[in-house]
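Using the UniProt record's numbering, the letters of the sequence shown map in sequence onto residues 1 to 100.
Note sheet for the following structure.
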Amino acid sequence: MSSAAGPRNQQLFLTDSYSGRRFLVDTGAQVSAVPASRFDRRSGPNDNPLQAANGTTIATYGSRNVSLCFNGRTYTARLIVADIRQPLLGADFSGSIIYW
1 MSSAAGPRNQ
11 QLFLTDSYSG
21 RRFLVDTGAQ
31 VSAVPASRFD
41 RRSGPNDNPL
51 QAANGTTIAT
61 YGSRNVSLCF
71 NGRTYTARLI
81 VADIRQPLLG
91 ADFSGSIIYW
């Protein structure tokens, strides 16, 4: 048995104090997104899918402007509603939180 050399896969998460949701901080992602609800999916996906790093297409259902609170600071973010499992903060939002 062999193992890959290098650091362990460590991911950074931030928890929004308002909603309690854990967001994955993914600076490789261009946009920030939240999982679509059953209600979001009722009208079907829109014509602006996202593309994952592995090339797969991710259906989207519009966007929401929301207030988020991290470390006692409030931010307003435009989040894409998409067929994802984990809420994520991409590069579009990361610039807002870099100066804690």
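Even for Gly, the Cβ is constructed at its ideal location relative to N, Cα and C.
- The closest CA to that of Q51, considering only S94, Q30, N65, is found on Q30.
- In this structure, DSSP gives G95 a helical state, which the three-state scheme calls helix.
- Taking the Cα positions, I58 is about 11 Å away from P35.
- DSSP, read as helix, strand or coil, puts R38 in helix.
- Counting along the chain, the unbroken beta strand (DSSP E) around T60 starts and ends at 60–70.
- Excluding sequence positions up to five before and after S94, its CB lies within less than 6 Å of the CB of T27, all in the same chain and listed in chain order.
- DSSP, read as helix, strand or coil, puts A82 in strand.
- Between A33 and A82, the C-beta spacing is below 8 Å.
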